[in-house]
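Per my numbering, the sequence shown starts with residue 2, numbered consecutively. Built from N, CA and C at the ideal position, the CB exists for glycine as well. Every value quoted in this text rests on a predicted model; they were computed, and no experiment measured them.
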Amino acid sequence: MIIKKSHLSMLAALAAAALVSCNKDGDEDSLPYLNGSLRLEGVPSYIKANDDNVYEIKPVGASHPEGLGVGYRWRVTPSESTSYVVSKDENEEGDGSFGYNFGEYNKDTLRTLTLTCEAFATGYSSLSASYSIVVVAPGEKGSIQRAGYDFNGEKILYDGIEYLVYTAPDGKKWMKQNLAYDGEQDGSKVGAPYNDAEVMSEIFGRFYTWEEATGNQAGTADSKVRGICPEGWHIPTDEEWTDLANATMRSVQEDWEDMDSGSNWETDGSRISREFMAGELLDPDIPETDEDYDSDINYGKEAASATFNTETLLWEYNSEVGDPTNRSGISAIPAGYARRTNGIWSFGGAYEYAIFWTSSEDGSGKAICRVINNESPAIYRESHDKSTFAASVRCVKD
């Protein structure tokens, strides 16, 4: 099992609702504390750029030790004003709820906002809670940049979403982005977006169990499984994924010996994973005066990782892996994975793993997926439960 039980914490740009801090005001240490732990209900973890929704936020969890009233004040940074707004004075009736349009200030700017709320009462140290809200956008000028996307290239429209497609080194047409089909138009919701935030569906794609992805049907060379793919497309078998890997590596190494689909993709001296990681090769012929010039060339870098919201690298550099060259063209995003237990989704492994279902089974009742790890030059072949483990899906044309 390659997936770590304790994966790295998400960077601030992706932490969203997970980045909640509850504090007691350090300037009031000599005062007694209010009771409880303040938290906020209704805070979105991600919002889309130009979102015009007004979100109703409710503070809960704080109370007065003497049974008296508690006041609430809040602020969002960055915003036009950094001053706190009082939503309820300690002597007023009400629960302190307030409405806020997070997209009102700098609507189209991709950024991370911080909402801080304080519970206060005279003679007591205040309680505070802070939440991060990440502003995202799909498309050419969206959150994912430098992923090797060609927005002037071929596309396919499916369920209202436009996907980039390309001819891969194996000669087949593959989707270049993770599937985001939710099944809603067909009357049966499938998959889950990262962190249960629907706006992330078009950014990272959705996570599907194998049963959802394939309709619980295994694919073979002679029997393609459409599953949740568009008509005329199918979920690739493990053999098809391996064919793509071999075709890619043949273009990289003249003496390449093809790998078998029944094992991990790993050979001595070869860094296979970077050929699938989202990124772009740097062009040393671009002059320094050109806006497309990348100064990383001066430091011996061969390629650059894709980024999230401009500044955050999707694939952190690892010396064993090297730069994300993406010669396969797959542009794998480390979206991580999900698990569904008793109808509840949990998420992990973002910034560490890109995991793709195949339509193949392993003979033991489990299904096969391919795992790209940010710390390994190999790409692993793993088997997971068909109904609880969820991964990303790519489609290939029939």
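A residue is called buried once 16 or more other Cβ atoms fall within 10 Å of its Cβ, and V86, having fewer, is exposed.
Here the alpha carbons of S127 and L116 stand approximately 16 Å from one another. Taking the Cα of G97 as reference, the smallest distance to any Cα among E105, E67, G104 and S88 is reached at S88. Per DSSP, L158 is one residue of the beta strand (DSSP E) stretching across K156 to Y159. Taking C-beta separations shorter than 8 Å and ignoring five residues to either side along the sequence, the partners of P378 in its chain run E267, S271, R272, I273, S274, R275, E321, V322 and G323, following chain order. Per DSSP, W266 lies in no beta strand (DSSP E) segment and is marked neither H nor E. Comparing alpha-carbon positions, the option among D295, A351, D171 and A219 lying closest to W358 turns out to be A219. P139 is not a Cβ neighbour of N107, given a cutoff of 9 Å. Under the three-state reduction of DSSP output, Y195 falls in the helix class.
Assignment of A305 by DSSP, reduced to helix, strand and coil, places it in the strand class.
Taking the C-beta atoms as reference points, L245 is found no nearer than 9 Å to A279.
Residue environment analysis places S133 among the buried positions, since at least 16 neighbouring C-beta atoms fall within 10 angstroms of its C-beta. Assignment of beta-bridge partners to H235 by DSSP yields V397. Apart from the 5 residues on each side of it in sequence, D295 sits with its Cβ closer than 7 Å to the Cβ of L283 and A305 in its chain, given in chain order. V137 counts as buried, since at least 16 other C-beta atoms from the protein chains shown sit within 10 angstroms of its C-beta. Around the beta carbon of T308, 16 or more other beta carbons sit within 10 angstroms, so the residue counts as buried.
Within the segment 172 to 228, the runs of beta strand (DSSP E) that reach at least 3 residues and sit entirely inside it are, in chain order, 174 to 176 and 207 to 210. Looking at the backbone, the Cα of F208 and that of C230 are separated by about 14 Å. Bounds of the beta strand (DSSP E) holding K59 are Y56 to S64. Q254 sits exposed, since fewer than 16 C-beta atoms from the chains shown fall within 10 Å of its C-beta. Taken through DSSP and simplified to helix, strand or coil, N310 comes out as coil. Annotation for A222: T238 and E240 place their beta carbon closer than 8 Å to its own, counting only its chain and skipping 5 residues before and after. The Cβ-Cβ distance between N265 and I380 falls below 9 Å. Taking 9 Å as the cut-off, the beta carbon of M176 is found no closer than this to the beta carbon of R328. By the neighbour-count definition (other C-beta atoms within 10 Å, threshold 16), L69 is an exposed residue. In this chain, Y125 is not harboured by any beta strand (DSSP E), its DSSP state being neither H nor E. Bounds of the beta strand (DSSP E) holding C370 are A368 to N374.
The Cβ atoms of P66 and Y56 lie no closer than 9 Å to each other.
A392 is a Cβ neighbour of W211, given a cutoff of 9 Å. Cβ-Cβ distances below 7 Å link P285 to I298 in the same chain, with the five nearest sequence neighbours on each side left out; the list follows chain order. Within the same chain, and ignoring the five residues on either side of V191 in sequence, the residues whose Cβ sits closer than 6 Å to its Cβ are G184 and E213. Here N179 is buried. Its C-beta has 16 or more other C-beta atoms within 10 Å. With a 10 Å radius around the Cβ and a threshold of 16 neighbouring Cβ atoms, E281 comes out buried.
Note that the C-beta distance between I58 and G100 is below 9 Å. For G206, the closest of A355, D399 and E42 by C-alpha to C-alpha distance is A355. Annotation: Y352 to E317 spans about 8 Å, alpha carbon to alpha carbon.
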